[in-house]
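Accompanying notes for the structure given below.
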Amino acid sequence: MRLRRSLAVAVAVAVTTPVALFTAAPALAAGAPAAQTQNQPTYAELKKAAADAQKAYEKALAAKEEGQEKVKATLEALDSDIHPLKAATITADKAAEEAAAAETAAEKAVRDAEAAVEAAQGETEKAEAEKALETAEADLAKAVEAKEKADAAAEAARTALDDARVAAVREYSVLKKALDDALAAKEAAEEALGTAEECVRETGLTSLAVGLPAEVVAGTTVDFTLRVTNGTERTLTVDPLAFVHVDGERGGEKSRLAVEWSNGSGWHALNGDEPEHIAHIDTMAPGERSDVKLRMTVAPDAASADAFALFAADASSAYRPCVLGPMKRYDFELLPAGSDPGPVDDADPGQTGKDDDQRPATAGPGTTPQGGAAGQPVTTARTTPTTPTTRTAGTGTYGTTAATATTGGTLAQTGTSPALAPLGAASAVAVALGAGAVLAARRRMTADR
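In case it helps, mature numbering (1 follows the signal peptide of the UniProt record, and there is no 0) puts the sequence shown at residues -29 to -1, 1 to 420.
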């Protein structure tokens, strides 16, 4: 069950102000405290926000394209002589031209009248010429005024036409700006979603193989326990990861080892070709642990060989679709039938394993060291499986353990048996699975949820 937390802002607001929604995502990967990330969007919400942003972008793009056609049509119409605004401009310009011509004619009439006054002979002729001049000057004044009005009307008509053009372009600019904003929101949403798809390590989400011996004899069966502990500060859905491999064996061929697991609902065979998620745990509260029983049977004719087991816990959180706990690697040796595995220390809980993470990851918030807060034992048990045992393990880092080897096993003090050449973390997994196969298997689980 994925955790759900409400968004601090609505998706509709996030599309226009994407930073408020999306900048929260990288904070978790950087290891921000849980108190600072409690209002961060879930992966499902980020995915929805990205889809909504995509739809908003497509809508804005369609509006912009429609607006582009509209402004083109508007500008073409405004340039047509039959458009009212353009027609008004043509009429006003024509009136202004006619007024200018009338003014020019009136100015010429005044000049002619002035010349007539100068050329007049006698008092009577001179008086008539002066009267004609006064009339010409009055006509010129009227022509000047008419031209000023005509020019103003023409200017107003051109302004109205220009305003219509500007309004059309401005409307398109608004649509283009909306598209730019939608694109920015879309890119921010996609970036946040991409960041959310990167796996995050929760160091407090631990797995421990209790009772897994360092030596196993052919023809015997070993029972041990995979203990998963939620040492984080968050409730998680957990899928334990398990993989057991014998050195030299290839995928598809029959293995010398048969491994089964059970969480109380019968026994299930473990896939020997690649890492497998087993015993799904729907809810694990902080400090809670869960035990999964496993049994490993070695073929009677198995020859001496090196082997190793990988265990981890993968979870889904409120912030990421891919949350991975540290992976533990346990090296052990197959011995031929009839071999003596040597004495067993009854106080030894088994191998501690080695950190063997085959993936880059960053620490998530709310993590604690293995064993719980400040490295203290985790004593809150989800289940305490009862397994047939012949030896009882002591109290280890993770509290009292009860499952150990039944037959043919010898418990190592720590790490691998001194008789074994250690398998390098990178080489062992790379040879067995190929580079990145473990991470790919772990990603598949989270992606399929």
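Glycine included, each C-beta is placed from N, C-alpha and C at the ideal position.
Checklist entry - Below 8 Å, can you find three or more Cβ-Cβ pairs linking the segment 209 to 217 to the segment 236 to 247? => result Three or more pairs of CB atoms, one per stretch, sit closer than 8 Å, so the segment 209 to 217 contacts the segment 236 to 247.
Checklist entry - Start and end of the alpha helix (DSSP H) containing Pro211? => result For the purposes of this step, residue 211 is taken as the residue at position 240 of the sequence shown. Segment Leu207 to Val217 is the beta strand (DSSP E) holding Pro211; no alpha helix (DSSP H) there.
Next on the checklist: Could you give the first and the last residue of the continuous beta strand (DSSP E) run that contains Asp194?
Outcome noted: Residue mapping note: residue 194 aligns to position 223 of the sequence shown, counting from 1. Judged by DSSP secondary structure, Asp194 falls within the beta strand (DSSP E) whose first and last residues are Thr192 to Asn201.
Checklist entry - Touch check for the segment 92 to 106 and the segment 25 to 32: three-plus C-beta pairs under 8 Å? => result With the cut-off at 8 Å, the segment 92 to 106 and the segment 25 to 32 do not touch.
Item to check | Cβ neighbour criterion (16 or more within 10 Å) applied to Thr75 | outcome: Here the question's residue 75 lines up with position 104 in the sequence shown. Classification of Thr75: exposed, given that the 10 Å Cβ count is below 16.
Checklist entry - Run through DSSP, which three-state label would Leu183 get? => result For the purposes of this step, residue 183 is taken as the residue at position 212 of the sequence shown. Coil, per DSSP.
Item to check | Rounded straight-line distance, which links the Cα of Phe303 to that of Asp272 | outcome: Counted from its first residue, the sequence shown places residue 272 at position 301. Counted from its first residue, the sequence shown places residue 303 at position 332. Take the alpha-carbon of Asp272 and the one of Phe303: they are about 18 Å apart.
Item to check | Sheet register partners of Asp302 (DSSP bridge) | outcome: Within the sequence shown, numbered from 1, the residue matching residue 302 stands at position 331. DSSP lists Phe279 as partners of Asp302.
Item to check | Candidates Ala163, Thr174 and Val193, of which the one nearest Thr203 by Cα | outcome: Against the sequence shown, residue 203 aligns to sequence position 232. The shortest C-alpha separation from Thr203 is found at Thr174.
Item to check | Assigned exposure category for Cys170 - 16 Cβ within 10 Å defines buried | outcome: The residue labelled residue 170 in the question sits at position 199 within the sequence shown. Cys170 should be labelled buried.
Checklist entry - Under a Cβ-count criterion, where at least 16 other Cβ atoms within 10 Å of its own Cβ denotes burial, should Ser226 be classed as buried or exposed? => result The residue given as residue 226 occupies position 255 in the sequence shown. It is buried - the Cβ of Ser226 has at least 16 other Cβ atoms within 10 Å.
Item to check | Identity of the residue in Ala59, Val145 and Val269 nearest residue 495 by Cα | outcome: This structure does not reach residue 495, given that the chain is present from -29 up to 420, and the question cannot be answered.
Item to check | According to DSSP, residues forming a beta bridge with Arg227 | outcome: Within the sequence shown, numbered from 1, the residue matching residue 227 stands at position 256. For Arg227, no pairing in a beta bridge is given by DSSP.
Item to check | Under 8 Å between C-beta atoms of Ala63 and Ala124 | outcome: Here residue 63 refers to the residue found at position 92 of the sequence shown. Here residue 124 refers to the residue found at position 153 of the sequence shown. For Ala63 and Ala124, yes; Cβs fall inside 8 Å.
Next on the checklist: Between the alpha carbons of Thr192 and Met267, how many angstroms are there, rounded?
Outcome noted: In the sequence shown, the residue the question calls residue 192 occupies position 221. In the sequence shown, the residue the question calls residue 267 occupies position 296. Taking the Cα positions, Thr192 is about 5 Å away from Met267.
Next on the checklist: Let me check understanding here. Comparing Cα to Cα, which of Leu176, Ser236, Ala163 and Lys41 lies closest to Glu16?
Outcome noted: The residue labelled residue 16 in the question sits at position 45 within the sequence shown. Glu16 has its Cα closest to that of Ala163, out of Leu176, Ser236, Ala163 and Lys41.
Next on the checklist: What does the alpha-carbon distance come out to for the pair Ala91 and Asp134?
Outcome noted: Working through the sequence shown from its first residue, we reach residue 91 at position 120. Working through the sequence shown from its first residue, we reach residue 134 at position 163. Cα to Cα, Ala91 sits roughly 55 Å from Asp134.
Item to check | Cut-off 8 Å between Cβ atoms - residues of its own chain near Ala113, not counting five sequence neighbours on either side | outcome: Indexing the sequence shown from 1 puts residue 113 at position 142. In the sequence as presented, Ala is not what sits at residue 113; that position holds Lys. Around Lys113: Ala77.
Checklist entry - What three-state label does DSSP hand Arg221 in the structure shown? => result In the sequence shown, counting from the first residue as 1, residue 221 sits at position 250. Here Arg221 sits in coil by DSSP.
Checklist entry - Assuming Leu176 and Asn201 make a contact with CB atoms under 8 Å, what is their CB distance in whole Å? => result Translated into the one-based positions of the sequence shown, residue 176 becomes position 205. Translated into the one-based positions of the sequence shown, residue 201 becomes position 230. About 6 Å separates the two Cβ atoms, so the contact holds.
Next on the checklist: Does Ser310 come out as helix, strand or coil in the three-state DSSP assignment?
Outcome noted: On the sequence shown, residue 310 is found 339 positions in, with the first residue counted as 1. In this structure, Ser310 counts as coil in the three-state DSSP scheme.
Checklist entry - What do you get for Ser51, buried or exposed, if any count of 16 or more other CB atoms within 10 angstroms of its CB means buried? => result In the sequence shown, the residue the question calls residue 51 occupies position 80. Counting Cβ neighbours within 10 Å, Ser51 comes out exposed, since fewer than 16 surround it.
Item to check | Runs of beta strand (DSSP E) lying entirely within the segment 42 to 97, each at least 3 residues, in chain order | outcome: Scanning the segment 42 to 97 from its first residue to its last, no whole beta strand (DSSP E) run of 3-plus residues comes out.
Checklist entry - Is Ala256 closer than 8 Å to Thr208 when the C-beta atoms are compared? => result Numbered from 1 along the sequence shown, position 237 holds the residue referred to as residue 208. Numbered from 1 along the sequence shown, position 285 holds the residue referred to as residue 256. No; because the gap between Cβ atoms is not below 8 Å, this pair is not in contact.
Next on the checklist: Mapping the DSSP letters down to three states, classify Ala135 as helix, strand or coil.
Outcome noted: Taking the sequence shown and counting its residues from 1, the one referred to as residue 135 is at position 164. In the structure shown, Ala135 sits in a helix (DSSP, three-state: H, G or I).
Next on the checklist: According to DSSP, is Ser236 part of a helix, a strand, or is it coil?
Outcome noted: For this step, residue 236 is matched to residue 265 along the sequence shown. In the structure shown, Ser236 falls within a coil segment according to DSSP collapsed to helix, strand and coil.
Item to check | Residue from Arg300, Gly309 and Ile252 whose Cα sits closest to the Cα of Val269 | outcome: Numbered from its first residue, the sequence shown carries residue 269 at position 298. Out of Arg300, Gly309 and Ile252, the CA that lies nearest to the CA of Val269 is found in Gly309.
Next on the checklist: Which residue wins for smallest C-alpha separation from Glu247, given the options Gly296, Leu281 and Ala109?
Outcome noted: Numbered from 1 along the sequence shown, position 276 holds the residue referred to as residue 247. Per the Cα distances, Leu281.
Item to check | Exposure label - Ser275; buried when at least 16 CB within 10 Å | outcome: As a working note, residue 275 is residue 304 in the sequence shown. Its Cβ having fewer than 16 others within 10 Å, Ser275 is exposed.
Item to check | The beta strand (DSSP E) enclosing Ile252, as first and last residue numbers | outcome: One-based indexing of the sequence shown puts residue 252 at position 281. Ile252 to Met255 is the span of the beta strand (DSSP E), which, as asked, contains Ile252.
Item to check | Buried or exposed (CB count within 10 angstroms, at least 16 for buried), Thr196 | outcome: To locate residue 196, count along the sequence shown from 1; it is residue 225. Buried, by the Cβ-count rule.
Checklist entry - Is the beta carbon of Ile252 less than 8 Å from the beta carbon of Ser261? => result In the sequence shown, the residue the question calls residue 252 occupies position 281. In the sequence shown, the residue the question calls residue 261 occupies position 290. Cβ distance < 8 Å, so Ile252 and Ser261 count as in contact.
Item to check | Pairwise C-alpha distance: Phe279 and Gly165 | outcome: Here the question's residue 165 lines up with position 194 in the sequence shown. Here the question's residue 279 lines up with position 308 in the sequence shown. One C-alpha to the other measures close to 34 Å.
Checklist entry - What is the DSSP secondary structure of Glu168, reduced to helix, strand or coil? => result Along the sequence shown, read from residue 1 onward, the residue named residue 168 stands at position 197. Coil.
Checklist entry - If you count every other CB in all the chains shown that lies within 10 Å of the CB of Pro184, and 16 or more means buried, which is it? => result Taking the sequence shown and counting its residues from 1, one reaches residue 184 at position 213. For Pro184, the number of other beta carbons within 10 angstroms of its own is at least 16, and it is reported as buried.
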